[in-house]
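*Asks:* Attaching a single structure in structure tokens format; questions to follow.
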Amino acid sequence: MADIKYLAGYPPHLIEQVAGLLQAGKLGAWVANRYPGSHDIQTDRALYDYVSELKQRYMKNAGALAKVVYDNNLHPMRGTLGTNAFVSRVQGGKLKSKNEIRIGSLFRDAPEAFLRMIVVHELAHLKVKDHDKAFYQLCCHMEPHYHQLEFDMRLWLLAREAEA
């Protein structure tokens, strides 16, 4: 069970099922069958447009996005898949704020559903800073299958590491 690091907190029967698939070498095929293909959001500009469209659809009143980029320094082994930074600066007599979202570069190769889940997560931080009930309600508002996608993304990460 030590190899199932991304599933801490999930029920033991679920972890056992995943461990069985992982040991049989079938986890990657299961995830690929459930989420076939990839996406064409490969550049920072395309990612910015993708995130902006979701923000415009669900969070019109949230602060503007100054930057949205793929970041090579974000990695699940270091505990981050995406980050949201909020910076305030005084310019003259006004307070200017900037929101910046960084998504781990590994999501260039991910199924679009997983990229969307990470983007939804980071967009939700524009309104709610903590991972509380209101935060997850907002995530589920933007992506109704948020919790399933989060679990499946964890399986995808396990499968990637097992194949490497």
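Take the sequence shown: its position 73, counted from the start at 1, is 73 in UniProt numbering, and no numbers get skipped. Even glycine gets a Cβ: it sits at the ideal position worked out from N, Cα and C. This structure is a prediction, so every number in the text was calculated from the model and none was measured.
Tell me, please, which residues DSSP counts as bridged to L158.
*Replies:* None, per the DSSP bridge assignment.
*Asks:* In the DSSP assignment, the alpha helix (DSSP H) including E100 goes from what residue to what residue?
*Replies:* Per DSSP, E100 belongs to no alpha helix (DSSP H); it is in the beta strand (DSSP E), 94-104.
*Asks:* Kindly list the residues whose CB is nearer than 8 Å to the CB of D44, restricted to its own chain and excluding five residues on each side of it in sequence; keep chain order.
*Replies:* So the qualifying residues of the chain are V68, V69, Y70.
*Asks:* Taking the beta carbon of Y50 as the centre, do at least 16 other beta carbons fall within 10 Å, making it buried, or is it exposed?
*Replies:* Per the 10 Å Cβ criterion, buried.
*Asks:* Return helix, strand or coil for Q91, following the three-state DSSP convention.
*Replies:* Strand, per DSSP.
*Asks:* Decide if the region 112-120 is in contact with the region 135-148; the criterion is three or more beta carbon pairs, one per stretch, under 8 Å apart.
*Replies:* Short answer: they touch.
*Asks:* Flag this pair as touching only if the region 149-164 and the region 86-104 have three or more C-beta atom pairs under 8 Å; answer yes or no.
*Replies:* The answer is no - the region 86-104 does not touch the region 149-164, with fewer than three Cβ pairs under 8 Å.
*Asks:* Going by alpha carbons, who is nearest to I101 out of D130, Y48, M59?
*Replies:* Residue Y48 is the option with its Cα nearest to I101.
*Asks:* Quick check on DSSP: helix, strand or coil for L126?
*Replies:* Residue state, collapsed to three classes: coil.
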